[in-house]
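Okay, so here's the structure we're looking at.
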Amino acid sequence: MKKPSLELLRQQQEASNEQTPPQRLAQLASISIEFARLVAQNPTAPVDLLAKLSKSDDKLTRQSVTANPNTRIEILLRLGREFPKEFLENPVFLLICLENPNFVQTIPEDTLSRLLRCQDAPLFLLERAASYPERRIRTQAVDRAPLNFLAKLVQNPYEDVRMVIAENPKIPIPLLEQLGSDESVWVRCTVAAHPQTPIGVLEQLSRDESEEVRRIVAAHSQTPIRILEQLARDRDREVRWSVAAHKQVSPSSLEVLARDLDSQIRCAVAKNPNTPPELLSVLQTDETPSVSRWAKYHLKRMALK
């Protein structure tokens with residue numbers, strides 16, 4: 002294998018040397034792609050030359066420009082989408098974020114999305130991206146946040162962020178309890194639907210001013226019978242319907258709902274496989290055909306067993 006000439010070695014050293022004059026670096030970068038790559042790594046390469054190299058057809062050159070701390074920020078923002086790891090590891094990124102806490106909000110959406118997908122995305126980036134104007138970015142940031150970091154995000158001003166936190170299957174119970182009193186009805190709905198929501202929180206939400214929340218509590222598989230009995234007399238028909246369709250509803254609640262003025266609720270009682278036969282016998286004479294039909298159907302099934 003032919004050894005590189007002394008002249009070639011000298012030029013390579015020049016391209017990497019931080020003392021090489023800017024004009025000479027520009028000359029070297031124009032010799033070949035290999036030299037352009039070396040110059041792109043040189044932290045003293047002039048900003049205009051790095052700007053030119055950022056448009057190179059050579060991927061490794063553009064990658065080195067992204068990692069270079071002397072590269073203009075607007076160029077880094079453009080290249081960050083292609084080379085997110087180099088962008089995040091560039092010391093300029095951290096410095097700018099320290100100087101300007103709102104810098105993350107100015108990162109283009111597609112670039113920021115790529116940064117958030119990096120395995121080593123810093124926590125401060127996740128926290129600031131959780132307040133980004135675009136919802137998909139906020140959701141992406143919260144989805145990447147570790148469990149022990151969710152407590153910092155639970156006060157986020159965007160309700161969709163708090164909803165994503167409340168949806169997390171591994172959310173700590175204290176955070177669920179906190180979000181159960183959230184000002185947003187949709188956050189409280191999300192808490193009411195969570196399979197791990199404590200009974201105490203479900204009881205609190207069963208008295209919520211929003212019928213949307215109470216409907217979800219009435220349909221929750223873990224809602225205790227005593228709460229279902231309370232909701233069986235709720236003023237909202239959809240809450241009562243959810244109780245009538247619940248698999249754990251008590252016979253006493255079914256009896257109350259079988260007398261409901263709303264035929265769809267009586268139909269839900271007739272459909273419920275746990276409705277006792279004596280109640281089905283009453284419902285089979287109901288004036289609404291669908292109610293009587295379902296009651297007769299279940300009575301026949303019971304007779305065949």
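Take the position in the sequence shown, starting the count at 1, then add 1; the result is the number in our numbering.
No residue lacks a Cβ here, since even glycine has one placed at the ideal position from N, Cα and C.
Looking at C-beta atoms only, is the number of pairs between the region 223 to 241 and the region 258 to 274 that lie closer than 8 Å three or more? yes
4-residue-minimum alpha helix (DSSP H) runs that sit fully inside the region 119 to 194, ordered along the chain: 124 to 130, 136 to 145, 151 to 154, 160 to 168, 174 to 180 and 186 to 194
Which listed residue (Ala-194, Arg-208 and Ser-211) has its alpha carbon closest to that of His-221: Taking the first residue of the sequence shown as position 1, residue 221 is located at position 220. Measuring from the Cα of His-221, the nearest candidate turns out to be Ala-194.
Between Lys-171, Gln-141, Glu-178 and Leu-176, which has its C-alpha nearest Asp-161's C-alpha? Taking the sequence shown and counting its residues from 1, one reaches residue 161 at position 160. The candidate whose alpha carbon is nearest that of Asp-161 is Gln-141.
With DSSP run on the structure shown, which of helix, strand or coil describes Leu-262? In the sequence shown, the residue the question calls residue 262 occupies position 261. Correct three-state label for Leu-262: coil.
Residues near Met-2 in its chain [Cβ-Cβ closer than 8 Å; skip 5 each side]: Taking the first residue of the sequence shown as position 1, residue 2 is located at position 1. Confidence at Met-2 is low in this model, with a pLDDT of 48, below 50, so its placement is unreliable and the value that follows should be read with caution. Closer than 8 Å at Cβ, skipping near neighbours: no residue.
Taking the straight line between their C-alpha atoms, what separation do you get for Val-250 and Ile-172? Taking the first residue of the sequence shown as position 1, residue 250 is located at position 249. Taking the first residue of the sequence shown as position 1, residue 172 is located at position 171. Whole-angstrom Cα-Cα distance: 28 Å.
For a quick check, are the C-beta atoms of Leu-180 and Val-186 less than 7 Å apart? For this step, residue 180 is matched to residue 179 along the sequence shown. For this step, residue 186 is matched to residue 185 along the sequence shown. Contact flag unset, no.
Exposure of Ile-34, with buried meaning 16 or more beta-carbon neighbours within 10 Å: Numbered from 1 along the sequence shown, position 33 holds the residue referred to as residue 34. Ile-34 comes out exposed.
Only counting the same chain, and skipping five residues up and downstream in sequence, which positions put a Cβ closer than 7 Å to that of Asp-261? Residue 261 sits at position 260 when you count from the first residue of the sequence shown. Cβ neighbours of Asp-261 beyond the five flanking positions: Arg-241 and Arg-267.
Leu-9 (DSSP reduced to helix, strand or coil): Working through the sequence shown from its first residue, we reach residue 9 at position 8. Leu-9 falls in the helix class under three-state DSSP.
Reduced DSSP category for Asp-59 - H, G, I as helix; E, B as strand; rest coil: As a first step, residue 59 is located in the sequence shown; it is residue number 58 there, counting from the start. Note: Asp-59 maps to coil in three-state DSSP.
I need the DSSP call for Thr-72, collapsed to helix, strand or coil. The residue labelled residue 72 in the question sits at position 71 within the sequence shown. Thr-72 falls in the coil class under three-state DSSP.
First through last residue of the alpha helix (DSSP H) which encompasses Ala-27: The sequence position of residue 27 within the sequence shown is 26, counting from 1. Ala-27 -> alpha helix (DSSP H) spans 23 to 30.
Residue closest to Ile-226, alpha-carbon to alpha-carbon, out of Ser-254, Arg-208, Glu-288 and Gln-24: For the purposes of this step, residue 226 is identified with residue 225 of the sequence shown, where counting begins at 1. Nearest C-alpha to Ile-226: Ser-254.
What does the alpha-carbon distance come out to for the pair Ala-304 and Pro-277? Along the sequence shown, read from residue 1 onward, the residue named residue 304 stands at position 303. Along the sequence shown, read from residue 1 onward, the residue named residue 277 stands at position 276. Each residue's Cα considered, the two are about 13 Å apart.
Between the region 109 to 121 and the region 146 to 161, do at least 3 Cβ pairs fall closer than 8 Å? no
Do you know how far the Cα of Ala-259 is from the Cα of Arg-302? As a working note, residue 302 is residue 301 in the sequence shown. As a working note, residue 259 is residue 258 in the sequence shown. Roughly 20 Å separates the two Cα atoms.
Which one of Val-214, Ser-207, Asp-183 and Asn-169 has the shortest CA to CA distance from Pro-196? The residue labelled residue 196 in the question sits at position 195 within the sequence shown. Of Val-214, Ser-207, Asp-183 and Asn-169, the residue nearest in Cα terms is Asn-169.
Residues near Val-257 by beta carbon distance below 6 Å, same chain, minus five either side: Position 256 of the sequence shown, counted from the start, is the residue given in the question as residue 257. If we look at Val-257 and ignore the five residues flanking it on each side, its Cβ neighbours are Ala-233.
Pick from Glu-15, Ala-219, Tyr-298 and Gln-285: whose alpha carbon is nearest that of Pro-274? Here the question's residue 274 lines up with position 273 in the sequence shown. Closest option to Pro-274, Cα to Cα, is Tyr-298.
Excluding the 5 residues flanking Ala-52 on each side, which residues of the same chain have their C-beta closer than 7 Å to its C-beta? Here residue 52 is taken as the residue at index 51 of the sequence shown, counted from 1. Contacts found: Arg-73 and Ile-76.
For the alpha helix (DSSP H) containing Lys-297, list its first residue and its last residue. Residue mapping note: residue 297 aligns to position 296 of the sequence shown, counting from 1. That run of the alpha helix (DSSP H) goes 290 to 305.
Could you tell me which whole alpha helix (DSSP H) segments of length 4 or greater appear in the region 198 to 278? 200 to 206, 212 to 220, 226 to 232, 238 to 246, 252 to 259 and 264 to 272
Three-state secondary structure (DSSP) of Pro-85: The sequence position of residue 85 within the sequence shown is 84, counting from 1. Note: Pro-85 maps to helix in three-state DSSP.
Leu-29 burial status per 10 Å Cβ neighbour count (16 or more: buried): One-based indexing of the sequence shown puts residue 29 at position 28. Classification for Leu-29: buried.
Exposed or buried, what is Asn-103 when buried is set at 16 or more other beta-carbons lying within 10 Å of its beta-carbon? Counting from 1 along the sequence shown, the entry for residue 103 is found at position 102. Exposed, since its Cβ has fewer than 16 Cβ neighbours within 10 Å.
Express the C-alpha separation of Ile-174 and Pro-290 in angstroms, rounding to a whole number. Translated into positions along the sequence shown, residue 290 becomes position 289. Translated into positions along the sequence shown, residue 174 becomes position 173. Roughly 46 Å separates the two Cα atoms.
In the DSSP assignment, find the alpha helix (DSSP H) that holds Pro-92 and state where it starts and stops. Position 91 of the sequence shown, counted from the start, is the residue given in the question as residue 92. 92 to 100 is the extent of the alpha helix (DSSP H) around Pro-92.
To which residues of the same chain is Leu-203 closer than 8 Å at the C-beta, ignoring the five residues directly before and after it? Within the sequence shown, the letter at position 202 stands for residue 203. Closer than 8 Å at Cβ, skipping near neighbours: Ala-193, Val-218, His-221, Gln-223, Thr-224, Pro-225 and Ile-228.
Using DSSP with H/G/I as helix, E/B as strand and the rest coil, what is Ser-33? Looking up residue 33 in the sequence shown gives position 32. Residue state, collapsed to three classes: coil.
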